[in-house]
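**Student:**
There are 2 protein chains.
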Amino acid sequence: MAAPAPISPLAPKSFADLPAIRGLRFASAAAGVRYAGRTDVTLAVFDAPARVAGVFTRSKCPSAPVEWCRARLPRGTARALLVNSGNANAFTGHAGLDAVARVGAAAAKAIGCAAEDVYMASTGVIGEPLDPAKIGAVLGSLAAAAAPSGMSEAARAIMTTDTYPKVATARFEVDGRTCTLNAMAKGAGMIAPDMATMLSFAFTDAPVAAPAMQALLTKAVAKSFNAITVDGDTSTSDTLLLFSTGAPEIADPADRRLAGFRRALDRVLLDLAHQVVRDGEGARKFVEIAVEGAASARAAKRIAMSIANSPLVKTAIAGEDANWGRVVMAVGKAGEKAERDRLAIWFGATRVAAEGLRDPAYDEAAVSAYMKGEKIDVKVDLGIGRGKARVWTCDLTKEYVAINGDYRS
Amino acid sequence: MAAPAPISPLAPKSFADLPAIRGLRFASAAAGVRYAGRTDVTLAVFDAPARVAGVFTRSKCPSAPVEWCRARLPRGTARALLVNSGNANAFTGHAGLDAVARVGAAAAKAIGCAAEDVYMASTGVIGEPLDPAKIGAVLGSLAAAAAPSGMSEAARAIMTTDTYPKVATARFEVDGRTCTLNAMAKGAGMIAPDMATMLSFAFTDAPVAAPAMQALLTKAVAKSFNAITVDGDTSTSDTLLLFSTGAPEIADPADRRLAGFRRALDRVLLDLAHQVVRDGEGARKFVEIAVEGAASARAAKRIAMSIANSPLVKTAIAGEDANWGRVVMAVGKAGEKAERDRLAIWFGATRVAAEGLRDPAYDEAAVSAYMKGEKIDVKVDLGIGRGKARVWTCDLTKEYVAINGDYRS
Chain A
1 MAAPAPISPL APKSFADLPA IRGLRFASAA AGVRYAGRTD VTLAVFDAPA
51 RVAGVFTRSK CPSAPVEWCR ARLPRGTARA LLVNSGNANA FTGHAGLDAV
101 ARVGAAAAKA IGCAAEDVYM ASTGVIGEPL DPAKIGAVLG SLAAAAAPSG
151 MSEAARAIMT TDTYPKVATA RFEVDGRTCT LNAMAKGAGM IAPDMATMLS
201 FAFTDAPVAA PAMQALLTKA VAKSFNAITV DGDTSTSDTL LLFSTGAPEI
251 ADPADRRLAG FRRALDRVLL DLAHQVVRDG EGARKFVEIA VEGAASARAA
301 KRIAMSIANS PLVKTAIAGE DANWGRVVMA VGKAGEKAER DRLAIWFGAT
351 RVAAEGLRDP AYDEAAVSAY MKGEKIDVKV DLGIGRGKAR VWTCDLTKEY
401 VAINGDYRS
Chain B
410 MAAPAPISPL APKSFADLPA IRGLRFASAA AGVRYAGRTD VTLAVFDAPA
460 RVAGVFTRSK CPSAPVEWCR ARLPRGTARA LLVNSGNANA FTGHAGLDAV
510 ARVGAAAAKA IGCAAEDVYM ASTGVIGEPL DPAKIGAVLG SLAAAAAPSG
560 MSEAARAIMT TDTYPKVATA RFEVDGRTCT LNAMAKGAGM IAPDMATMLS
610 FAFTDAPVAA PAMQALLTKA VAKSFNAITV DGDTSTSDTL LLFSTGAPEI
660 ADPADRRLAG FRRALDRVLL DLAHQVVRDG EGARKFVEIA VEGAASARAA
710 KRIAMSIANS PLVKTAIAGE DANWGRVVMA VGKAGEKAER DRLAIWFGAT
760 RVAAEGLRDP AYDEAAVSAY MKGEKIDVKV DLGIGRGKAR VWTCDLTKEY
810 VAINGDYRS
């Protein structure tokens, strides 16, 4: 492995302090799964059974821990979460499923719960067998050391090629009671050397039952983690789990008492999703693509993702060029309804194209100055309907190619 | 514009000599559409009406000349083809359609035919108005100078960021008569600074009628130009036209007398498609992706394209790394049926993964040596059906980002 990369220039200027959540403790350890001299295993323990909801990769070749979690999710309760970095335990055949079962059993024994209540996630190299003994060796001390203050350290232990830990927190009220939501994520845009993962874990003490958690989580993901892309490559291991230590009082996701929780969840996941993009490999620009006036919201999102995944759009932004012709190309290839002569495109506040051709009034100097900034907003109005969507991405730089192509050559 | 790029290291070692086709003449000129000091307009004239078939971009924002050609294709006859480089006449609104109509009328006058029989294509910068007067000014001399030997020069006149002209030829027999097929293409992978185009034009004297030409062309494209990708970005201007000066004797594409023509068409278009990939921006490796054992041929092609378009697979190949984990990832994200534990992957002759995990027998040194070569074959067997497909791509290098991101910064 090369020396750690410098922190992304797009990293947040400060990191959130995470308040403790009653009944939830963390511990991290250096188990030597792959990396030396850093923590690589983290354990979260719930003193009483917690409610759990989850969203996973859509890959047809998911990792062994993804299969494990997906199979246990319908039970809706958890006593522990165990995450390792350095090895994704993906494409490891039956040995991979065996390793998950062994680690799960060892964790259950250390905590004193059923293996069914242990959730697991792994991130790192794929195709290498995961040695369950390495993780097993630290489980006893992790269970003993777990403390309410350990979540920031956990956010570091799950990093792979991330240049900074990603955390977010929010306070909100449910039925007059103040509640907390803490969340962490790892991922340099779903991707990394040897392929990695977007993992995210959120914890709350809100009094919400599992079905409502699942419904609100699924909705929040569509507007956050499923609205970002670094390179369009989907991990085998993407995992997002939401746990609640609160009493399962409110089961209807539409219950008005959950409005504050819903807003907090939306805000915290969007914050983390943006942090993932800002740590995108080689990223120098944080890019927001807003599409409006599309035939439907679904069409708007597909068009926005077509723009956000276009290597030509992303290299142009890296080159600080307001190349709206490439935006037209990306709209055209999305396969959704578009009428060339109704299309309008903005970079920042400047409309550069309208009614099927270059806006004759646009100030090239102003746009050139805008393109030198760190945050670039691209807006497209299709002018044919009311569908809209917003997605986020980063530019495509030579550093991306170097990170993903030079590491072994 | 920067100095011309050096010829791609993947360029063919020699270029085909194109024999003349009776009744077909070419001339090229430097009209100064955008480039200085080079030819940028080419005219092909048919002495008698030729049969024509065509395939165009699927972009929802096609260029003005694409709309012109598509509307005229059902007539099935052509007297001229006029192509310019330097300006794609795309996203130019009603002025763009006007420019096409004016250029078409001027060409028709110079040749002495109906404007309906003039086919046109444009490639180069988009969003800039195309000045019809520049092309109009050279039409008289082009019509006068047109000669049977001018096709190789035409292949140069239609280049944009191509580093070499792309031509191919074949001889075949139809009903005991020897016939010829000549073809040319331009494109550095459908893409270029300011966005460009894949254009290709084929000419034959085979005695084939337009419906048979169209059917055979559509089939040949699926296995050639629609089986290549440099970066997954689709041009607004992609145009492939096939003309025949022969008598329209054979109208049934399944007629056995057309077997030689069909094979020649398949071979020539595949040759040109490979030449386009070999001129892919920044390409250093020519990559063949073969997928077999898929649920269907369509599924196999989607999986193959998912691998061929993956930035992580392409950067790994640039780094000479047989990173089969990224191939698994790309199979998984394609959305087609796959069973992890039946998947097998080869780089060249070496099977690196089988039955859901790394092949324990594989020789890492042999694969490392193989990855240093110029031609890289990746094979995936899904082990679940009989569907198969082959596609071609190139690696993703820092030069790609430089060509597409540095040109204005």
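Heads up: the sequence lines are chains A and B, in that order. First residue of the first sequence? That's 1 in my numbering, and the numbers climb one at a time after it. First residue of the second sequence? That's 410 in my numbering, and the numbers climb one at a time after it. We put the beta carbon where it would ideally sit given N, CA and C, even for glycine.
Using alpha carbons as the reference points, say which of A:R390, A:A106, A:A170 and A:P129 lies closest to F91 of chain A.
**Tutor:** Here the question's residue 91 of chain A lines up with position 91 in the first sequence. Nearest of A:R390, A:A106, A:A170 and A:P129 to F91 of chain A, Cα basis: A:P129.
**Student:** Report the residues of the segment 462-489 of chain B with a CB closer than 9 Å to any CB of chain A, ordered along the chain.
**Tutor:** Going along the segment 462-489 of chain B in chain order, one finds T466, R467, S468, K469, C470 and P471 with a Cβ nearer than 9 Å to chain A.
**Student:** With a threshold of 8 Å on Cβ separation, who are the neighbours of S409 of chain A within its own chain once the five nearest residues in sequence on each side are excluded?
**Tutor:** Reading the first sequence from its first residue, position 409 is the one you call residue 409 of chain A. Reliability fails at S409 of chain A, whose pLDDT of 33 lies under 50, so the model's placement of it is uncertain and the value that follows must be treated cautiously. So no residue of the chain qualifies.
**Student:** Taking only beta-carbon atoms, is G187 of chain A less than 8 Å away from chain B?
**Tutor:** Along the first sequence, read from residue 1 onward, the residue named residue 187 of chain A stands at position 187. Taking Cβ atoms only, chain B never reaches closer than 8 Å to G187 of chain A, which makes this a no.
**Student:** Quick check: what's the CA-CA separation for T180 of chain A versus R262 of chain A?
**Tutor:** As a position in the first sequence, residue 180 of chain A is number 180, starting the count at 1. As a position in the first sequence, residue 262 of chain A is number 262, starting the count at 1. If you take the alpha carbons of T180 of chain A and R262 of chain A, they lie about 12 Å apart.
**Student:** Along the alpha helix (DSSP H) that carries N404 of chain A, what are the first and last residues, could you check?
**Tutor:** The residue you call residue 404 of chain A lines up with position 404 of the first sequence. That run of the alpha helix (DSSP H) goes K398 to G405.
**Student:** I want to see whether chain B comes within less than 8 Å of G387 of chain A, judged by CB atoms only; does it?
**Tutor:** What you label residue 387 of chain A is simply residue 387 of the first sequence in a count that begins at 1. Answer no: the Cβ-Cβ gap between G387 of chain A and chain B never drops below 8 Å.
**Student:** So, does the CB of T724 of chain B fall closer than 8 Å to a CB anywhere in chain A?
**Tutor:** Taking the second sequence and counting its residues from 1, one reaches residue 724 of chain B at position 315. Answer yes: the Cβ-Cβ gap between T724 of chain B and chain A drops below 8 Å somewhere.
**Student:** Near N404 of chain A, what residues of its chain come up, given a Cβ to Cβ distance below 6 Å and the 5 sequence neighbours on each side ignored?
**Tutor:** In the first sequence, residue 404 of chain A corresponds to position 404, counting from 1. Excluding positions up to five away in sequence, the list is empty.
**Student:** Nearest to V103 of chain A by CA position, among A:A137, A:G124 and A:R70, is which residue?
**Tutor:** Taking the first sequence and counting its residues from 1, one reaches residue 103 of chain A at position 103. Residue A:A137 is the option with its Cα nearest to V103 of chain A.
**Student:** Listed in chain order, which residues of the segment 322-335 of chain A have Cβ atoms closer than 9 Å to some Cβ of chain B?
**Tutor:** Listed by position, the residues of the segment 322-335 of chain A near chain B (Cβ gap below 9 Å) are N323, W324, G325, R326, V328, M329, A330, V331, G332, K333, A334 and G335.
**Student:** For R51 of chain A, write down the residues that DSSP places opposite it in a beta bridge.
**Tutor:** Reading the first sequence from its first residue, position 51 is the one you call residue 51 of chain A. According to DSSP, which records beta bridges pairwise, R51 of chain A is partnered with A:T77 and A:S244.
**Student:** Counting only Cβ pairs nearer than 7 Å, list the residues of chain B close to K398 of chain A.
**Tutor:** As a position in the first sequence, residue 398 of chain A is number 398, starting the count at 1. Simply K807, V810 and A811.
**Student:** Is there a Cβ from chain B that is less than 8 Å from the Cβ of I126 of chain A?
**Tutor:** Taking the first sequence and counting its residues from 1, the one referred to as residue 126 of chain A is at position 126. Taking Cβ atoms only, chain B reaches closer than 8 Å to I126 of chain A, which makes this a yes.
**Student:** Let me see if you follow: with CB-CB separation under 8 Å, is G765 of chain B close to chain A or not?
**Tutor:** Here the question's residue 765 of chain B lines up with position 356 in the second sequence. By this cut-off, G765 of chain B is an interface position.
**Student:** Just checking: is the beta-carbon of G782 of chain B within a distance shorter than 8 Å of some beta-carbon in chain A?
**Tutor:** To locate residue 782 of chain B, count along the second sequence from 1; it is residue 373. Judged by the 8 Å Cβ criterion, G782 of chain B is not in contact with chain A.
**Student:** Between the Cα of A365 of chain A and the Cα atoms of A:K375, A:T350, A:V378 and A:A354, which residue gives the shortest distance?
**Tutor:** Here the question's residue 365 of chain A lines up with position 365 in the first sequence. Among A:K375, A:T350, A:V378 and A:A354, the Cα nearest to that of A365 of chain A belongs to A:T350.
**Student:** Output yes or no for whether 8 Å exceeds the beta carbon distance between R735 of chain B and I793 of chain B.
**Tutor:** As a working note, residue 735 of chain B is residue 326 in the second sequence. As a working note, residue 793 of chain B is residue 384 in the second sequence. Not in contact: R735 of chain B and I793 of chain B (Cβ atoms no closer than 8 Å).
**Student:** Which ranges would you report for the alpha helix (DSSP H) in the segment 500-555 of chain B if only whole runs of at least 4 residues count?
**Tutor:** Correct list: 502-520 and 541-554.
**Student:** Applying a beta-carbon distance threshold of less than 9 Å, which residues of chain A neighbour D750 of chain B?
**Tutor:** Here residue 750 of chain B refers to the residue found at position 341 of the second sequence. The answer, in chain order, is G93 and H94.
**Student:** If you drop the 5 nearest sequence neighbours on each side, which residues of the same chain put their C-beta closer than 6 Å to that of R749 of chain B?
**Tutor:** The residue you call residue 749 of chain B lines up with position 340 of the second sequence. Excluding positions up to five away in sequence, the list reads G765.
**Student:** Considering only residues of the segment 218-276 of chain A, which uninterrupted beta strand (DSSP E) runs meet the minimum length of 3 residues and lie entirely inside it, listed in chain order?
**Tutor:** Listed in chain order, the complete beta strand (DSSP E) runs (minimum 3 residues) inside the segment 218-276 of chain A are 239-244.
**Student:** In chain B, which residues lie with their C-beta within 9 Å of the C-beta of A254 of chain A?
**Tutor:** By one-based count along the first sequence, residue 254 of chain A stands at place 254. Those do not exist, as A254 of chain A stays about 31 Å from chain B at its closest Cβ, beyond 9 Å.
**Student:** Kindly indicate which residue of B:N496, B:L452 and B:V454 has the alpha-carbon position closest to the one of V442 of chain B.
**Tutor:** If you number the second sequence from 1, residue 442 of chain B lands on position 33. It is B:N496 whose Cα lies nearest to the Cα of V442 of chain B.
**Student:** Apply the 10 Å Cβ neighbour rule to D661 of chain B and answer buried if 16 or more other Cβ atoms are within range, or exposed otherwise.
**Tutor:** As a position in the second sequence, residue 661 of chain B is number 252, starting the count at 1. D661 of chain B is exposed by the Cβ-count criterion.
**Student:** Where do the N-terminal and C-terminal ends of the beta strand (DSSP E) with S200 of chain A fall, by residue?
**Tutor:** Start at 1 with the first residue of the first sequence, and residue 200 of chain A comes out as number 200. Unbroken beta strand (DSSP E) run through S200 of chain A: L199 to T204.
**Student:** Taking the alpha-carbon positions, what's the K518 of chain B to Q623 of chain B distance?
**Tutor:** In the second sequence, the residue the question calls residue 518 of chain B occupies position 109. In the second sequence, the residue the question calls residue 623 of chain B occupies position 214. Going by the C-alpha atoms only, they are around 28 Å apart.
**Student:** State buried or exposed for D363 of chain A, treating a residue as buried only when at least 16 other CB atoms are found within 10 Å of its CB.
**Tutor:** In the first sequence, the residue the question calls residue 363 of chain A occupies position 363. It is exposed - the Cβ of D363 of chain A has fewer than 16 other Cβ atoms within 10 Å.
**Student:** Let me check one thing: in DSSP terms, what residues is F435 of chain B bridge-paired to?
**Tutor:** Taking the first residue of the second sequence as position 1, residue 435 of chain B is located at position 26. The partner list for F435 of chain B (beta bridge, DSSP) reads B:A453 and B:A556.
**Student:** Should R565 of chain B go down as buried or exposed, given a rule of 16 or more other Cβ atoms within 10 Å for buried?
**Tutor:** As a position in the second sequence, residue 565 of chain B is number 156, starting the count at 1. By the 10 Å Cβ count, R565 of chain B comes out buried.
**Student:** Give the straight-line distance between the Cα atoms of A704 of chain B and S472 of chain B, rounded to the nearest whole angstrom.
**Tutor:** The residue labelled residue 704 of chain B in the question sits at position 295 within the second sequence. The residue labelled residue 472 of chain B in the question sits at position 63 within the second sequence. C-alpha separation (whole angstroms): 37 Å.
**Student:** For T236 of chain A, go through chain B and note every residue whose CB falls closer than 8 Å to its CB, in chain order.
**Tutor:** On the first sequence, residue 236 of chain A is found 236 positions in, with the first residue counted as 1. The answer, in chain order, is V737, M738 and G741.
**Student:** Looking at the secondary structure, which residues open and close the alpha helix (DSSP H) in which L312 of chain A lies?
**Tutor:** By one-based count along the first sequence, residue 312 of chain A stands at place 312. P311 to A318 is the span of the alpha helix (DSSP H), which, as asked, contains L312 of chain A.
**Student:** Output yes or no for whether 8 Å exceeds the beta carbon distance between V810 of chain B and K398 of chain A.
**Tutor:** Here residue 810 of chain B refers to the residue found at position 401 of the second sequence. Here residue 398 of chain A refers to the residue found at position 398 of the first sequence. A contact, by the Cβ cut-off of 8 Å.
**Student:** Hey, is A353 of chain A's beta-carbon within less than 8 Å of any beta-carbon in chain B?
**Tutor:** Start at 1 with the first residue of the first sequence, and residue 353 of chain A comes out as number 353. Interface residue, yes.
**Student:** State buried or exposed for I289 of chain A, treating a residue as buried only when at least 16 other CB atoms are found within 10 Å of its CB.
**Tutor:** The count along the first sequence starts at 1 and reaches residue 289 of chain A at position 289. Classification for I289 of chain A: buried.
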